[in-house]
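This report concerns only the one structure given below.
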Amino acid sequence: MGEPMKIRATLTGDATEVKVLMNHEMETGQRKDAQGQTIPAWFIQTIGVTWTGKTVLSAQWGPAVAKNPFLSFKFKGGAKGDTLAVRWVDSRGDQRTDEAIIA
Amino acid sequence: MNRRTLLAALVGIVIAPLAGAQASTSDEIAKYRAALQDGNPAELWEARGEDLWKQKRGPRAASLERCDLGSGPGVVKGAYAELPRYFADADRVMDLETRLVWCMVQLQGYTEAEAKKNPFGSGSDKRSDLEALTAYIAVESRGVKMNVPLAHSKELEAYRIGEKLFYYRGGTHDFACATCHGEDGKRIRLQELPNLMTAEGAQKAYTTWPAYRVSQGELRTFEWRLHDCFRQQRFPELVFGSDAAIALTMYLARNANGGVFDAPAIKR
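Line by line, the protein sequences give chains A and B. For the first sequence, counting from 1, position 34 maps to 35 in this note's numbering; every step adds exactly one. For the second sequence, counting from 1, position 18 maps to 211 in this note's numbering; every step adds exactly one.
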């Protein structure tokens with residue numbers, strides 16, 4: 002289920018700037034715990050951002066992305082009041098979708 | 194030129210570029226902090242803290258919204274900038290973390306041991322409610338000037354004890370807080386240490402805690418900062434919510450008076 006993301010989307014000119022802060026452990030699978038046991042890998046694998054149903058960004062991520070990742074990008078289009086949805090799926094098959102309104 | 198002056202000149206040539214590297218390293222660290230400030234993950238703790246503040250929890254199924262942080266029940270705005278302070282109901286000087294524990298006991302019906310069992314979190318399965326609550330209360334004071342009172346005799350007493358602790362040398366290394374934080378230009382590895390004996394240094398240090406520590410992936414409170422300083426000095430463990438921890442916080446917070454509170458910050 003995951004923890005909620007923080008999403009900000011602002012329209013400047015003809016482009017929308019999106020900033021997403023995700024809440025995720027992003028374990029690489031390389032670390033060991035205090036008992037010397039390998040901590041299994043657990044990270045976000047795919048990210049998708051849709052604007053009124055249309056995909057504006059999709060990405061595949063690996064274990065090199067930091068804990069609690071921050072994603073910032075711009076896309077052409079968008080209008081104030083439109084809905085933007087961000088969805089991630091992690092390596093355990095867990096997923097989360099959060100929405101924001103473009104301001 | 195005799196051999197000694199030649200050697201001195203050579204040493205000078207070697208040292209000068211190192212001093213340059215030192216300045217540019219701290220510039221680069223400042224740039225790094227600025228780049229990260231925009232997406233500070235501390236916001237995730239702030240959001241969770243706000244939920245915890247408003248949720249009905251504990252044996253009495255009560256929220257913390259009636260908790261008095263010094264400016265009246267439920268007033269969160271600007272509260273952090275006036276803590277620690279004396280609370281008549283508890284007859285004690287308290288910092289924010291201690292006050293939160295007190296409210297969890299009084300309002301929500303937790304035992305004191307339950308309320309403070311996990312002051313410093315680790316990962317997603319051992320998250321600290323106190324760190325999240327502290328982040329939420331702290332952000333509500335961003336932009337507020339530090340104004341820690343010293344009117345009550347117990348506040349003054351705590352301040353004096355804190356001052357003593359700051360200069361007290363002990364442990365295997367015969368260190369005091371002042372050993373590292375009493376002079377300009379000191380550092381640990383590449384981290385510059387603030388001179389807490391100047392108003393500017395105390396303000397800069399105190400107003401940027403709590404902070405998200407990138408190297409730990411955790412939000413850390415000021416009590417954590419003191420706790421870890423004690424560990425680094427090889428002092429006995431600083432007990433969470435103890436009079437010593439509050440007194441030292443009182444001393445440093447009061448010395449930061451006049452500084453504009455700007456946390457949760459982001460730190461390496």
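By construction, the Cβ of each residue, glycine as well, lies at the ideal position given by its N, Cα and C atoms.
In the same chain as A:Ala80, and ignoring 5 residues on each side of it, the C-beta atoms closer than 8 Å to its own belong to Leu12 and Ile103, in chain order.
Straight through space, the alpha carbons of B:Glu290 and B:Thr327 are spaced by roughly 7 Å.
The alpha-carbon separation between B:Gln248 and B:Phe415 amounts to approximately 25 Å. Taking 9 Å as the cut-off, the Cβ atoms of B:Ile354 and B:Ala440 count as close. Closer than 9 Å to the CB of B:Pro234 there is at least one CB belonging to chain A. Against A:Ser73, the close residues of chain B are Asp231 and Gly232, in the order they occur along the chain (beta-carbon pairs closer than 8 Å).
For B:Tyr405, the enclosing beta strand (DSSP E) stretches over residues Ala404 to Arg406. Bridge pairing for A:Glu100: A:Ala86 [DSSP]. Three or more Cβ pairs closer than 8 Å define a contact, and the region 413-429 of chain B falls short of that threshold against the region 298-310 of chain B.
Inter-residue distance for A:Ala16 and A:Phe74 is about 10 Å (C-alpha atoms, whole angstroms). Per the C-alpha coordinates, the member of A:Gly37, A:Thr29, A:Ala86 and A:Ile8 positioned closest to A:Gly49 is A:Ala86. For B:Arg278, the enclosing beta strand (DSSP E) stretches over residues Arg278 to Phe280. According to DSSP, A:Thr13 shares a beta bridge with A:Ala16. Following the DSSP letters along the chain, one finds B:Glu356 inside the alpha helix (DSSP H) bounded by residues Ser346 to Tyr360. Contact between B:Val341 and B:Asn450 is confirmed by a C-beta separation of about 6 Å, below the 8 Å threshold.
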